[in-house]
Structure formats: C-alpha cells, structure tokens
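Protein chains in written order, with the numbering used here: chain W, 1 to 291; chain H, 1 to 232.
Here it is as structure tokens:
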C-alpha cells in the first residue's frame with residue numbers, strides 16, 4: 001500500500017543503494033575507460049571485499065579494521081590480478097578479455113564458497129551506527145544513513161585523486177587516448193596497474209561497507225555486477241561523474257519500483273537504460289565512444 | 001655517427017606487409033622530408049620509429065641506442081617525439097594541462113615561456129579545453145606538447161593538413177625557427193612547396209620501399225623525380 005512515509009523511506013533506501021552503486025561503478029568505468037577491459041569479475045571483487053572485512057571483523061571485532069582490511073585486500077588482489085593475468089590480454093580481442101574476467105569472477109566466488117560455505121555471514125554495524133535514527137517525520141536505520149555519508153566521503157576522495165592530482169590527470173588522459181599518453185613518455189602499463197588497483201579497491205570498500213546492510217553470501221556480487229553495468233551505460237562509459245549520476249538514478253529506480261512491485265525493478269532499470277541509449281547513445285555524461 | 005639510423009625496417013598491420021627493408025638516416029640539426037603517395041608507408045614509418053607500430057624486424061639506432069622493439073614511453077625517454085597526423089589532443093584537459101602532462105617524465109624540458117613565445121595563440125587559450133580549440137590551435141598544441149620534452153628528434157606527420165593558409169604560414173614560421181635553432185626534424189607532408197622549403201634532404205617512399213634519397217635542392221631542380229614517384 002502506498003503511504004508517504006513508505007515512499008520517503010524508499011527514497012532513502014534508493015539513495016543508500018545509489019551511493020553504493022556509484023562507488024562500484026566508478027571503479028568499473030575508469031577501468032574500462034583506461035584499460036579497455038570490461039571487468040566481469042567486478043561483482044566478485046565487491047563480494048571479496050565483504051569477506052575480507054568479515055574475516056578481519058571475526059579476528060578483531062573492529063568495524064574500522066574490517067573496512068581497512070576489505071579495502072586493502074582488494075587493492076592487492078587488483079594489482080596482482082592485473083600484473084599476473086590481465087596485462088597479457090590487452091592486445092587480445094574483447095571476447096577473450098570477457099571470458100577471462102568472467103572466469104576469474106567464478107573462481108573467486110567458488111573459492112570463497114569452498115572456505116566459507118554458502119551460508120550467510122554477518123558483519124554487524126559498529127555500535128555507534130546501529131539502531132534507528134529519528135528524522136522527525138520517520139525512523140530510519142542509522143547505519144543506512146551512515147552508508148550514504150561514508151560512501152560520499154569515498155567518492156569525494158576519488159574525485160580529488162582523479163581531478164586534483166597529477167596521477168588523476170594522467171588517468172583522465174589515459175581514458176581518452178592511452179597510446180598518446182604512452183608516446184609522451186609515461187609508462188601507460190604502470191598507469192593501467194594503478195587504475196585496476198584503485199578500481200578493485202573501490203569495489204572492495206563498497207563490499208565491506210555494504211556488508212552490515214545485507215547478508216553476506218558468495219553470490220552477493222552477482223546482482224551488483226549487472227546493476228553496475230547498467231549504471232556505467234546510463235552515465236557514459238569512462239565518465240566518473242556519469243557513474244555517480246547513473247548510480248543515484250539506478251538506486252532510486254530500483255528502490256521506488258520495488259515499493260510498488262519488486263518484480264518490475266529490473267524491468268524499469270533496463271527501460272531507463274534503453275531510453276538513455278536511444279536519446280544519448282554515449283550515456284548521460286559520456287563523450288565520444290572508445291575505438 | 002648519425003643521430004638516427006634505420007636499417008632493414010619491416011612493419012606489418014596484421015598480416016599485411018607495409019614496410020619493406022626501409023632504411024634512412026638523419027643527422028643532428030637536419031630537417032629531412034619523407035615523401036610518397038597516399039599509402040606509400042610514410043605514417044607507418046613514423047609510427048614504427050616511435051613504437052606505436054612495433055616493427056617486426058630492423059634496427060633503429062637513436063643516439064647510439066637500438067630502440068627497435070621498445071615501448072613508446074621508453075622511446076620518448078630516449079628523446080624522440082611523434083606529432084600524430086590526427087593530433088590526438090586530450091580534449092578533457094586544458095592547453096596547459098596537456099603541456100604539463102607531456103613534460104611530466106622529460107629529463108630536460110622547455111620552460112613554458114618558450115612555448116608561449118613560439119605559439120602566443122596557445123598562451124591566450126591556456127585554460128581552454130582541448131575540445132574547444134580550432135584545428136590550427138590543436139596542431140600548435142600537438143607540436144608544443146612534443147617540444148616541451150626538448151626532444152632530440154621530432155617527427156611531424158602532415159602538420160599542415162587541412163589548415164587554413166594563414167595558419168600554415170604561422171606553423172611554417174615556427175618550423176623555420178625550430179630548424180634555425182638546430183632542432184632535428186623528420187617531416188611527412190603533402191604540401192610540397194612548404195616541405196621543400198624546410199627540408200635539406202628528401203626521402204621518397206614507394207609502396208613501402210625506399211625509392212629515392214637526395215638533397216632537397218636536387219628535387220627542386222629536377223621535378224621529374226617527383227613526377228616519377230608522386231605523379232605530380
């Protein structure tokens with residue numbers, strides 16, 4: 001049944017989901033923009049971040065340490081994955097890259113299932129952020145509000161790195177034309193490694209920050225991967241601001257449609273994507289296409 | 001020893017053989033023109049030197065170092081720069097950022113004022129994004145981006161193509177200044193009058209083979225050489 005309180009509460013859910021999608025999709029979009037590799041293991045990396053955080057939480061009982069562990073573990077996973085496997089596929093056709101990252105994603109999921117089983121794991125929110133908060137006109141889970149703030153801080157940090165540092169300038173130039181960056185004496189393969197590391201780190205961070213909201217299972221990244229792809233397409237491939245805008249739009253579409261009928265959440269999401277593709281084929285904030 | 005010495009260069013695009021045993025040499029402070037019909041392999045030669053196309057066989061000695069097979073960034077660090085035909089300006093970066101990025105890893109670089117002096121137009125547009133520049137301004141920036149690295153040798157691929165005569169005039173003046181200052185240049189250009197005014201020596205490529213080499217003065221005196229290879 002439709003009530004205003006319900007609607008506003010769903011808007012907040014949409015904001016929390018949207019912020020999270022914005023962060024995950026930022027990683028996906030800068031990786032694709034710079035390396036030209038569509039990372040189908042991105043959802044599995046989100047999941048790995050959650051489990052790395054879970055392990056750290058079980059060992060220490062600290063939420064902060066869990067977040068740090070989830071984030072750093074994925075930075076390492078990303079860098080190793082790029083150095084050991086992905087780099088050999090830059091010159092290969094896109095199908096090969098897709099199969100590779102898809103396969104790696106499956107491996108990550110099954111390795112986690114092997115060690116942690118398919119049963120759900122939980123990471124509770126830190127005591128300061130648990131319970132509910134009164135917003136005056138309604139009550140809302142405190143941690144979900146906190147997620148919006150935490151993710152906003154992460155997005156601002158990512159913005160500063162991309163738009164206010166020399167590394168960010170190189171990455172933005174690399175998204176446009178990596179061959180030219182290389183011709184100007186900058187080792188673009190090192191840049192690829194850093195970008196993959198940062199993208200993986202963003203997914204891992206999102207994974208552990210989201211862990212207290214959902215129940216952690218090895219499949220938790222699957223739905224997120226699909227949603228993140230839609231976000232990247234809506235926002236424009238390679239565009240960080242596009243990923244943020246697309247994430248917020250997708251979050252709201254999923255949440256508000258779910259209030260009316262959850263079965264239609266994906267239908268509406270894909271309808272929105274189709275609409276964007278028809279009206280602006282490069283996405284809302286995307287520029288010319290790659291290749 | 002020559003600054004650049006190329007021997008037996010063979011390059012491919014996929015399975016198609018583009019360059020056949022191409023050889024050339026460029027002395028320090030020299031301006032050399034590379035001529036040929038469309039599809040003769042001029043751009044491929046420049047790209048092969050810069051490592052954008054990786055030559056399958058051959059030797060490319062730059063300042064005593066064999067750079068054949070190096071990645072582009074390593075070749076750039078030895079001191080070569082290629083100004084691409086398509087200019088390849090970073091559209092999301094402004095003029096100044098394009099220059100900062102280019103100079104980032106250069107061991108020695110031009111002071112930015114020297115760039116502004118050579119291209120006052122770029123100074124006026126220093127905060128404009130690459131996408132907002134005119135074709136002529138983009139070409140100036142493409143050349144400036146190479147120069148800021150103070151390259152030992154600069155390869156220009158059709159720098160005057162598609163530009164208004166007044167812009168070509170400005171760019172020619174800049175190229176003359178560079179040559180007078182001792183910059184070593186290899187230039188590919190369809191505008192024969194312009195290129196023969198700049199170059200001291202000329203190579204002519206024909207179907208991927210080096211067909212002719214000689215002083216520019218010789219070509220000016222015997223235009224039938226151009227008739228034979230270029231059909232002009």
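Positions of the beta carbon are idealized from the N, C-alpha and C atoms, including for glycine. Keep in mind it's a predicted model, so treat the numbers as computed, not measured.
Contact set for residue i: own chain, Cβ-Cβ below 8 Å, skip 5 residues either direction
i	result
residue 147(W)	16, 19, 20, 209, 210 and 213
residue 155(W)	19, 22, 23, 26 and 244
residue 89(W)	37, 96, 97 and 100
residue 225(H)	204, 212, 214, 218 and 219
residue 163(H)	135, 136, 139 and 171
Proximity winner among the options, relative to residue i (alpha-carbon distances)
i	options	result
residue 45(W)	63(W), 65(W) and 79(W)	79(W)
residue 69(W)	233(W), 168(W) and 206(W)	206(W)
residue 39(W)	277(W), 267(W), 260(W) and 192(W)	192(W)
residue 144(H)	161(H), 162(H) and 121(H)	121(H)
residue 283(W)	251(W), 234(W), 119(W) and 77(W)	234(W)
residue 116(H)	28(H), 81(H) and 147(H)	147(H)
residue 268(W)	252(W), 188(W) and 4(W)	252(W)
residue 218(W)	258(W), 198(W) and 113(W)	113(W)
residue 107(H)	38(H), 166(H), 75(H) and 182(H)	75(H)
residue 84(H)	64(H), 93(H) and 44(H)	44(H)
residue 208(H)	175(H), 91(H) and 41(H)	41(H)
residue 74(W)	216(W), 198(W) and 220(W)	198(W)
residue 230(W)	277(W), 273(W) and 172(W)	273(W)
residue 128(W)	247(W), 145(W) and 14(W)	145(W)
residue 203(W)	67(W), 266(W) and 121(W)	67(W)
residue 90(H)	58(W), 53(W) and 172(W)	172(W)
residue 92(H)	281(W), 10(W), 247(W) and 238(W)	238(W)
Exposure label - residue i; buried when at least 16 CB within 10 Å
i	result
residue 1(H)	exposed
residue 157(H)	buried
residue 110(W)	exposed
residue 224(W)	buried
residue 160(W)	exposed
residue 82(W)	buried
residue 107(W)	exposed
residue 165(W)	exposed
residue 227(W)	buried
residue 289(W)	Confidence in residue 289(W) is poor, its pLDDT being 48 and thus under 50, which makes the residue's placement too unreliable to answer from.
residue 271(W)	exposed
residue 264(W)	exposed
residue 71(W)	buried
residue 127(H)	exposed
residue 115(W)	exposed
residue 151(W)	buried
residue 5(W)	exposed
residue 84(W)	exposed
residue 183(H)	buried
residue 173(H)	exposed
residue 121(W)	buried
residue 240(W)	buried
Residues near residue i by beta carbon distance below 7 Å, same chain, minus five either side
i	result
residue 132(W)	139, 140, 141 and 142
residue 56(H)	10, 11 and 12
residue 123(H)	116
Cβ distance (whole Å) where residue i is taken to contact residue j below 8 Å
i	j	result
residue 72(H)	residue 182(W)	4 Å
residue 205(H)	residue 220(H)	Their Cβ separation, rounded to whole angstroms, is 19 Å, which puts residue 205(H) and residue 220(H) out of contact at 8 Å.
residue 195(W)	residue 86(W)	Incorrect: roughly 11 Å between the Cβ atoms, too far for contact.
residue 5(H)	residue 61(H)	4 Å
residue 34(W)	residue 174(W)	5 Å
residue 64(W)	residue 104(H)	Incorrect: roughly 36 Å between the Cβ atoms, too far for contact.
residue 201(H)	residue 216(H)	6 Å
residue 232(W)	residue 246(W)	7 Å
Strand pairing of residue i, partner residues [DSSP]
i	result
residue 12(H)	17(H)
residue 244(H)	Only positions 1 to 232 of chain H appear in the structure, and residue 244(H) is not among them; the question remains open.
residue 140(W)	133(W)
residue 5(H)	25(H) and 61(H)
residue 157(H)	188(H)
residue 36(H)	205(H)
residue 215(H)	201(H)
residue 81(H)	154(H)
residue 121(W)	216(W)
residue 52(H)	Answer by DSSP bridge pairing: none, since residue 52(H) is not bridged.
residue 66(H)	61(H)
residue 31(H)	185(H)
residue 129(H)	94(H)
Residues near residue i by beta carbon distance below 6 Å, same chain, minus five either side
i	result
residue 168(W)	161 and 162
residue 291(W)	Caution applies to residue 291(W), whose pLDDT of 42 falls short of 50 and renders its modelled position unreliable; the value that the coordinates give is listed next. Once the five neighbours on either side are set aside, residue 291(W) has no close Cβ partner at all.
residue 179(H)	31
residue 154(H)	81, 146 and 185
residue 50(W)	207, 208, 211 and 216
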